[in-house]
Amino acid sequence: MKRRHLFSTELKYDFGNRRFYISVLALCAVLLIVALPYRNHLISFGGSTEGKAWLCTFNYAITSEKALLFFPLLVPLATAADIQEELHSRYAWFLINRIGKRNYIWMKSFGVAFTGGAISVSAAGIALVVFIVICRNIPTLNTLQNISGVISITGIAFIRLFLNGTLWSLCGSLTAVLTKNKYLSCAVPFILYYVLTVFQERYYRNYFFLSPKQWASPAYYGNGFCLLALLLISSLLVLALRKCVVRRVVA
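Taken in order, the sequence shown gives residues 1199 to 1449; the numbers are from our numbering.
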């Protein structure tokens, strides 16, 4: 019960931070800008042949290379640097004396992970509402897609988005704690995404699983691989973050 209260307190703090809303709005703007040319293409084509126009536009936006490039940059902006700031100011030791080392580490790790996922889901949710409105007059040329299929596709997409946001938020937080520099919490995930993507495309063209793009986009391996990869990497990042925080606290 105590740990649940700590988690809720941490989330209240994270969601009350204006950087959270800046990240959500900035990421939402990216999704809308990226999807606009695709929507115009559907209009010029006379309709959507792959299902609901708003759903196709939404899927295009969240799996586009241009949009995925901004997740490692914007998602960590909200809370990825919080642990490093508290360690640097020694406020972390004050909290540890009150709630204990283990509770502090779990609370902060949970906050970073959940907030990162919430940013991605919130931005995509706002964008989805906009897509429904601006695509309502675009005819659907393929009527085979039923309501259950639409719900399933949308639900899996949001789970994938949540895990992708979680991954990059944890990556940013781990970077900040390792380097003792809060400003690198946004820069390093972005650079890492770009380097891994270029590395795979240039040297290992047949090993698509090495590219962060394929972790968030089911175009090649499917949703099962994406969800498993994101969950596994996020779990490893949580463990690494906890160990790094423990070392900083003990030192």
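Here a beta-carbon is modelled for each residue, glycine too, at the ideal position from N, C-alpha and C. Please read all numbers here as calculations on a predicted model, not as lab measurements.
Worksheet item: If we call anything under 8 Å between Cβ atoms a contact, is Gly1309 one with Leu1209?
Response: Walking along the sequence shown from the start, residue 1309 turns up at place 111. Walking along the sequence shown from the start, residue 1209 turns up at place 11. Cβ atoms of Gly1309 and Leu1209: closer than 8 Å.
Practice prompt. Leaving out five residues on either side along the sequence, give the residues of the same chain with a beta carbon under 6 Å from the beta carbon of Ser1383.
Written response: Stepping through the sequence shown from its first residue, residue 1383 is reached at position 185. The residues are Pro1274, Ala1278, Ala1279, Gly1370, Thr1373 and Ala1374.
Worksheet item: By how many angstroms is the C-alpha of Ser1432 removed from the C-alpha of Leu1365?
Response: For this step, residue 1365 is matched to residue 167 along the sequence shown. For this step, residue 1432 is matched to residue 234 along the sequence shown. As the crow flies, the alpha-carbon of Leu1365 is around 5 Å from that of Ser1432.
Worksheet item: Do you know offhand how far Thr1255's Cα is from Tyr1401's?
Response: Position 57 of the sequence shown, counted from the first residue, corresponds to residue 1255. Position 203 of the sequence shown, counted from the first residue, corresponds to residue 1401. The alpha-carbon of Thr1255 is positioned some 32 Å away from that of Tyr1401.
Fill in: Bridge-paired residues (DSSP) for Ser1320
In the sequence shown, the residue the question calls residue 1320 occupies position 122. Note: Ser1320 sits in no beta bridge, so no partner.
Item to complete: Mind checking who Thr1338 pairs with in its DSSP beta bridge?
Response: In the sequence shown, the residue the question calls residue 1338 occupies position 140. Ser1246.
Worksheet item: In three-state terms, what does DSSP make of Pro1274?
Response: As a working mapping, residue 1274 is identified with position 76 in the sequence shown. Pro1274: helix per DSSP, three-state reduction.
Practice prompt. Tell me whether Val1232 is buried or exposed, calling it buried when 16 or more other Cβ atoms sit within 10 Å of its Cβ.
Written response: Here residue 1232 corresponds to residue number 34 of the sequence shown, with the count starting at 1. Burial call: buried.
Worksheet item: Under a three-way DSSP split, which group does Leu1267 fall into?
Response: In the sequence shown, the residue the question calls residue 1267 occupies position 69. In the structure shown, the three-state DSSP call for Leu1267 is coil.
Discussion item. Determine whether the beta carbon atoms of Leu1229 and Ala1276 lie at a separation below 8 Å.
Written reply: Position 31 of the sequence shown, counting from 1, holds the residue named residue 1229. Position 78 of the sequence shown, counting from 1, holds the residue named residue 1276. Not closer than 8 Å, so no.
Worksheet item: What is the DSSP secondary structure of Ala1279, counted as helix, strand or coil?
Response: For the purposes of this step, residue 1279 is identified with residue 81 of the sequence shown, where counting begins at 1. Here Ala1279 sits in coil by DSSP.
Practice prompt. Taking Ser1409 and Leu1394 to be in contact with their CB atoms under 8 Å, please state how far apart those CB atoms are, rounded to whole angstroms.
Written response: Counting from 1 along the sequence shown, the entry for residue 1409 is found at position 211. Counting from 1 along the sequence shown, the entry for residue 1394 is found at position 196. The pair is a contact, with the Cβ atoms about 6 Å apart (cut-off 8 Å).
Practice prompt. Examine chain C for any beta-carbon lying closer than 8 Å to the beta-carbon of Ile1349, and answer yes or no.
Written response: Of the chains in the structure shown, none is chain C; there is only one protein chain.
Practice prompt. Would you kindly work out how many angstroms separate the C-alpha atoms of Ser1350 and Thr1261, rounded to a whole number?
Written response: Taking the sequence shown and counting its residues from 1, one reaches residue 1350 at position 152. Taking the sequence shown and counting its residues from 1, one reaches residue 1261 at position 63. Those two C-alpha atoms are separated by around 17 Å.
Discussion item. For the structure I just gave you, are there three or more beta carbon pairs, one from the stretch 1435 to 1442 and one from the stretch 1290 to 1298, closer than 8 Å?
Written reply: Under the Cβ criterion (8 Å, minimum of three pairs), the stretch 1435 to 1442 does not count as touching the stretch 1290 to 1298.
Fill in: Which of helix, strand or coil DSSP assigns to Arg1288
Looking up residue 1288 in the sequence shown gives position 90. Reduced to three states, the DSSP call for Arg1288 is coil.
Worksheet item: Between Gln1412 and the rest of its own chain, which residues show a CB-CB distance below 7 Å, the 5 nearest in sequence each way excluded?
Response: For the purposes of this step, residue 1412 is identified with residue 214 of the sequence shown, where counting begins at 1. So the qualifying residues of the chain are Phe1406, Tyr1418 and Tyr1419.
Worksheet item: Just to confirm, are Gly1353 and Phe1269 a CB contact at a threshold of 8 Å?
Response: Here the question's residue 1353 lines up with position 155 in the sequence shown. Here the question's residue 1269 lines up with position 71 in the sequence shown. No, Cβ-Cβ distance for Gly1353 and Phe1269 is not below 8 Å.
Discussion item. Suppose you measure from the CA of Arg1217 to the CA of Asn1335; what does that come to, to the nearest Å?
Written reply: Here residue 1217 is taken as the residue at index 19 of the sequence shown, counted from 1. Here residue 1335 is taken as the residue at index 137 of the sequence shown, counted from 1. If you take the alpha carbons of Arg1217 and Asn1335, they lie about 35 Å apart.
Discussion item. Using the Cβ count rule (16 or more neighbours within 10 Å means buried), how would you classify Pro1235?
Written reply: Within the sequence shown, the letter at position 37 stands for residue 1235. Its Cβ having fewer than 16 others within 10 Å, Pro1235 is exposed.
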